[in-house]
Amino acid sequence: MSNQNIHTLIQEASELVGTTWPLYNFVTSNPLSGYENQHFLKAGEKAKQLLGARVFPEAEQFAQAFQQGDIDPKVLDELLKEQGYNEPAVNYLEALKQDEPTAAENPSHELDRLTAKWVGAFMDEGLGEWGMPNKEEGFYTSWKKIAKYDTELSKGRHCTMPASAGEAIEEVLKPYSTSDRKEIITLHLTALPGWTGYIKHRSENPGEWQQQYHIDLVEYLAVRLWIAKMINTPLLPETKKRATNEEVIALQYIFLNAWERSWQQRTLKSFRESRKNSAQPEPGTPDAQMVFCIDTRSEPIRRHVEAVGNYETFGYAGFFGIAMDYVNPTDGHSRKSCPPIVPSAYQVQERPKEDKAVNYQQYIEKTALKTFFRYFLKRMKNMLPSTFGFVEGSGLVYGFRLLARTCLPGSFYRRTRKEQSQYEQICSPEIGHIHNREEDAMQLNISLKEKTQIVKSAFDLMGWKTFAPLVVFTGHGSHTSNNPFGSSLDCGACAASPGRHNARMLANLANLKEVRAKLLDEHGLVIPESTWFLGAEHNTTTDEIELFDSNIPETHSEALRQLKHDLAVAQHNAATARLKVENNGVAIAQAKAGSWAETRPEWGLAKNAGFIIAPRKSTKNLDLDGRCFLHSYEWQHDEEGKALEGIMQGPMVVTQWINNHYYFSSVDTEEFGSGSKITHNVTGMFGVVQGNGGDLKKGLPLQSLKSTDNESYHQPLRLSVIIEAPCDRVNDILKRNPQLQNLLDNQWIHLIVNDPKKDYKTFRYIGDLKWQPRLEVPVINRQLTEPMMAE
Numbered sequence: 019m020s021n022q023n024i025h026t027l028i029q030e031a032s033e034l035v036g037t038t039w040p041l042y043n044f045v046t047s048n049p050l051s052g053y054e055n056q057h058f059l060k061a062g063e064k065a066k067q068l069l070g071a072r073v074f075p076e077a078e079q080f081a082q083a084f085q086q087g088d089i090d091p092k093v094l095d096e097l098l099k100e101q102g103y104n105e106p107a108v109n110y111l112e113a114l115k116q117d118e119p120t121a122a123e124n125p126s127h128e129l130d131r132l133t134a135k136w137v138g139a140f141m142d143e144g145l146g147e148w149g150m151p152n153k154e155e156g157f158y159t160s161w162k163k164i165a166k167y168d169t170e171l172s173k174g175r176h177c178t179m180p181a182s183a184g185e186a187i188e189e190v191l192k193p194y195s196t197s198d199r200k201e202i203i204t205l206h207l208t209a210l211p212g213w214t215g216y217i218k219h220r221s222e223n224p225g226e227w228q229q230q231y232h233i234d235l236v237e238y239l240a241v242r243l244w245i246a247k248m249i250n251t252p253l254l255p256e257t258k259k260r261a262t263n264e265e266v267i268a269l270q271y272i273f274l275n276a277w278e279r280s281w282q283q284r285t286l287k288s289f290r291e292s293r294k295n296s297a298q299p300e301p302g303t304p305d306a307q308m309v310f311c312i313d314t315r316s317e318p319i320r321r322h323v324e325a326v327g328n329y330e331t332f333g334y335a336g337f338f339g340i341a342m343d344y345v346n347p348t349d350g351h352s353r354k355s356c357p358p359i360v361p362s363a364y365q366v367q368e369r370p371k372e373d374k375a376v377n378y379q380q381y382i383e384k385t386a387l388k389t390f391f392r393y394f395l396k397r398m399k400n401m402l403p404s405t406f407g408f409v410e411g412s413g414l415v416y417g418f419r420l421l422a423r424t425c426l427p428g429s430f431y432r433r434t435r436k437e438q439s440q441y442e443q444i445c446s447p448e449i450g451h452i453h454n455r456e457e458d459a460m461q462l463n464i465s466l467k468e469k470t471q472i473v474k475s476a477f478d479l480m481g482w483k484t485f486a487p488l489v490v491f492t493g494h495g496s497h498t499s500n501n502p503f504g505s506s507l508d509c510g511a512c513a514a515s516p517g518r519h520n521a522r523m524l525a526n527l528a529n530l531k532e533v534r535a536k537l538l539d540e541h542g543l544v545i546p547e548s549t550w551f552l553g554a555e556h557n558t559t560t561d562e563i564e565l566f567d568s569n570i571p572e573t574h575s576e577a578l579r580q581l582k583h584d585l586a587v588a589q590h591n592a593a594t595a596r597l598k599v600e601n602n603g604v605a606i607a608q609a610k611a612g613s614w615a616e617t618r619p620e621w622g623l624a625k626n627a628g629f630i631i632a633p634r635k636s637t638k639n640l641d642l643d644g645r646c647f648l649h650s651y652e653w654q655h656d657e658e659g660k661a662l663e664g665i666m667q668g669p670m671v672v673t674q675w676i677n678n679h680y681y682f683s684s685v686d687t688e689e690f691g692s693g694s695k696i697t698h699n700v701t702g703m704f705g706v707v708q709g710n711g712g713d714l715k716k717g718l719p720l721q722s723l724k725s726t727d728n729e730s731y732h733q734p735l736r737l738s739v740i741i742e743a744p745c746d747r748v749n750d751i752l753k754r755n756p757q758l759q760n761l762l763d764n765q766w767i768h769l770i771v772n773d774p775k776k777d778y779k780t781f782r783y784i785g786d787l788k789w790q791p792r793l794e795v796p797v798i799n800r801q802l803t804e805p806m807m808a809e
């Protein structure tokens, strides 16, 4: 077998491995993204056979949903009868219990353990004090040099290993047929999908660690297969094929569809009622307009902001249309701050304002001192000679700190928030092309045409025509303590970074006089001189909205004062309602953010179920319980459908990633999630393992998905997308985008259109560019139903 053939087989097998994102950049993504070219049901069957994973909710989850009324009995009965099941629905709940998993012995346990040990040692990103030697030579070469010293590898001292990883794989696979080779490669790449998923991530996103210490799936496979050879583990162990109960799978799929259909019908009924109420005359120019991320956590705070004053809110993907990396001045690291599916075109850095140079220098010096102090403490704790003396000498100070964090987490949080240096007050973000990394400020710039296009694109997607005196771009971030999964609570559209940087950047561009002039001259877009743009951040843990207002002109000071007052009221109301308490919601939320023992500081995007692309007036009177992504869209202002196409190509795909990440983590918390936080150990500074080793966990922890170990909080439903636009416009977009049509045809996403040209009649997409009117008619098997095209 040639190296080329090996690489081809590895590439094919790697498609079945999802991406494992590091903790510091924990992007929610579909763990079965490599299966998206197959129908959801078929992909689930394959994943179950290959990974031994559960792909549908447990019988108990279905039973809870049925008992609580989340599954409409009428909908379920109709779907069951459609597929030939004529008994009462409750009778089939017992049949679902036949799918309960049974513990199976892993014949490759020892191989998995040793492989994980060596991969973890090599991929460490600074957590360990003593690094693996020769790492700069790559994984296979460095392992080959020291494997002979590993007493667990009995043959390591006596065998001569090939020079390259490709040759090593060739030698091990030489006795096997072509079909067996393919099966072996697939089996061993999916045996530890957490680790192989992270290797895949590093290979596709070569940062500093990957550039210095190279590892790829070829090297990984070479090491794993040679370890198997050394410990006499069969490359194709005899395993019992998992029996597939087709009836149980059919019933699971029916129950899942019934659950999803029930949610859709309730939501659409409320949608129709809300639209009737929106027929009231619109008020005049609002006192302020606030643009929030489409994130589900923005929906409740938007309602509360609108309720406290004459404010208008919009929904827009939280990277605000700027495909950028952001260089954080606190550590100098550059991180992606746009959707993972979007290549970064720009880099944004902080530059001190002209009158703040002294403050900036003081900030840099203070940050450097803190960084050194943290490094010094780490060294003192970890170095053997100083460990005991350090504990004895610093125990009292640490004791008081731990006492404060444990007993007074809210006060601790408020104090530490005040102590944080706010570089946003002394710096302005500057944008340049990604390849221009020079420190010269003149190099860190882009053309006026590009600046104008960024601003115009944002306005086009939201259908903006009028502007309030204050326009606030509100990114979001989560503030929690002692939480390895903290970045998973930040902005998914910003690749698990806070959205504040993009919000500030867009506000700066929109305030430029030359950008406004070009928007007027070339596009006829009038932005009043009285309008001022500013960035902000919505803290999703406490519902605080922090305004970055250091540049705001004096003429807007009173409007700003009133806005800050009203946002504080909205924060109180939102936090109190979200936490279901009578009072002190903000204080309770702050305690959650500051408590180092809090396993559920906030729920993140749990319960997400829908993505609504429509004008705000269509949803303004709805309480969607934080379950929907909301993107503003005015179909009348988008005659060619370009804005809607951009929303479907970008935000819709990203929300599908988020939704499926929560879905699969929820239905199998061990395989697709990360199990319980209680037994997590951080490894390599980039991931967690359960206990002292094993596979790298790649999904959400149990505490982000369940209220208790047995009671579900997140409802595992596939994403339902509701678009308010002409049906033929949506169809044209699908014709131009086969990858979007593929997601829909394979039922990874449900698509529903409310057609304003047909009196808002509802159409459901059923595949092959065909639509079914009258949503109440249940359809889960389009082959059995006569489809109808929208006119």
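Residues are numbered in the numbering used here as their position in the sequence shown, beginning at 1, plus a constant of 18.
Using N, Cα and C, we set each Cβ at its ideal position, and we do this for glycine too.
Only a predicted model underlies this, so the values are computations on that prediction, with no experimental measurement involved.
Alpha carbon of residue i to alpha carbon of residue j, nearest angstrom
i, j, result
"R455", "S465", "Because R455 carries a pLDDT of 46, less than 50, the predicted location of this residue cannot be relied on, and the following value inherits that uncertainty. Answer to the nearest angstrom: the Cα atoms are 16 angstroms apart."
"E188", "L69", "25 angstroms"
"A528", "K66", "50 angstroms"
"A165", "N250", "16 angstroms"
"E657", "G664", "14 angstroms"
"V35", "N677", "18 angstroms"
"G323", "E576", "One point to set straight first is that residue 323 is Val, not Gly, in the sequence displayed. The alpha-carbon atoms of V323 and E576 are separated by roughly 18 angstroms."
"S694", "Q759", "37 angstroms"
"F781", "L769", "9 angstroms"
"A77", "L111", "7 angstroms"
"D234", "W161", "13 angstroms"
"Y778", "N772", "5 angstroms"
"P114", "I89", "Strictly speaking, residue 114 in this sequence is Leu, with Pro absent from that position. Using only the alpha carbons, I get a separation of about 15 angstroms."
"F84", "T314", "24 angstroms"
"A335", "I472", "13 angstroms"
"M703", "E143", "6 angstroms"
"S197", "H25", "15 angstroms"
"P357", "M342", "9 angstroms"
"T133", "R242", "6 angstroms"
"I741", "N55", "24 angstroms"
Buried or exposed (CB count within 10 angstroms, at least 16 for buried), residue i
i, result
"W244", "buried"
"C445", "buried"
"T484", "exposed"
"D349", "exposed"
"M806", "For M806, the pLDDT reaches just 40, beneath the cut-off of 50, and the residue's location in the model is therefore unreliable, although a value from the coordinates is still provided. It is exposed - the Cβ of M806 has fewer than 16 other Cβ atoms within 10 Å."
"Q440", "exposed"
"N104", "exposed"
"G612", "buried"
"V533", "buried"
"A375", "exposed"
Enclosing beta strand (DSSP E) for residue i [first to last residue]
i, result
"W227", "Where W227 is concerned, there is no enclosing beta strand (DSSP E), although the alpha helix (DSSP H) it sits in stretches over E226 to Q230."
"S221", "Per DSSP, S221 belongs to no beta strand (DSSP E); it is in the alpha helix (DSSP H), P211 to E222."
"D478", "It is not in any beta strand (DSSP E) - D478 instead sits in the alpha helix (DSSP H) that spans L466 to M480."
"G495", "L488 to G495"
"A609", "That residue, A609, is in no beta strand (DSSP E); its alpha helix (DSSP H) goes G603 to G612."
Residue i: first and last residue of the uninterrupted alpha helix (DSSP H) it sits in
i, result
"I665", "K660 to Q667"
"Y238", "L235 to M248"
"D777", "That residue, D777, is in no alpha helix (DSSP H); it is neither H nor E in DSSP."
"Q101", "Segment: none, Q101 is in no alpha helix (DSSP H) and carries neither H nor E."
"P756", "P756 to D763"
"V533", "K531 to H541"
Interface flag, residue i vs chain C, CB-CB below 8 angstroms
i, result
"E78", "Within the model displayed, chain C is absent; a lone protein chain is all it includes."
Contact belief for residue i with residue j at Cβ below 8 angstroms, rounded distance in angstroms
i, j, result
"L718", "Y680", "7 angstroms"
"P571", "V706", "Going by Cβ atoms, the distance from P571 to V706 rounds to 48 angstroms, so no, they are not a contact pair."
"A605", "P427", "In fact, because the Cβ distance is near 10 angstroms, the residues do not count as touching under 8 angstroms."
"D561", "Q589", "5 angstroms"
**Asked** Counting only runs that start and end within the segment 549 to 599, where is the alpha helix (DSSP H) found for 4 or more residues in a row?
**Response** 575 to 596
**Message:** Threshold first: 3 residues or longer. Then list the beta strand (DSSP E) segments lying entirely within the segment 306 to 394, N to C.
**Reply:** 306 to 311, 329 to 334, 342 to 345, 352 to 354 and 364 to 370
**Item:** Contained beta strand (DSSP E) runs [length at least 3] in the segment 671 to 722, N- to C-terminal order
**Value:** 698 to 701 and 705 to 708
**Item:** Those runs of the alpha helix (DSSP H) which lie wholly inside the segment 173 to 206 and span at least 4 residues
**Value:** 183 to 191
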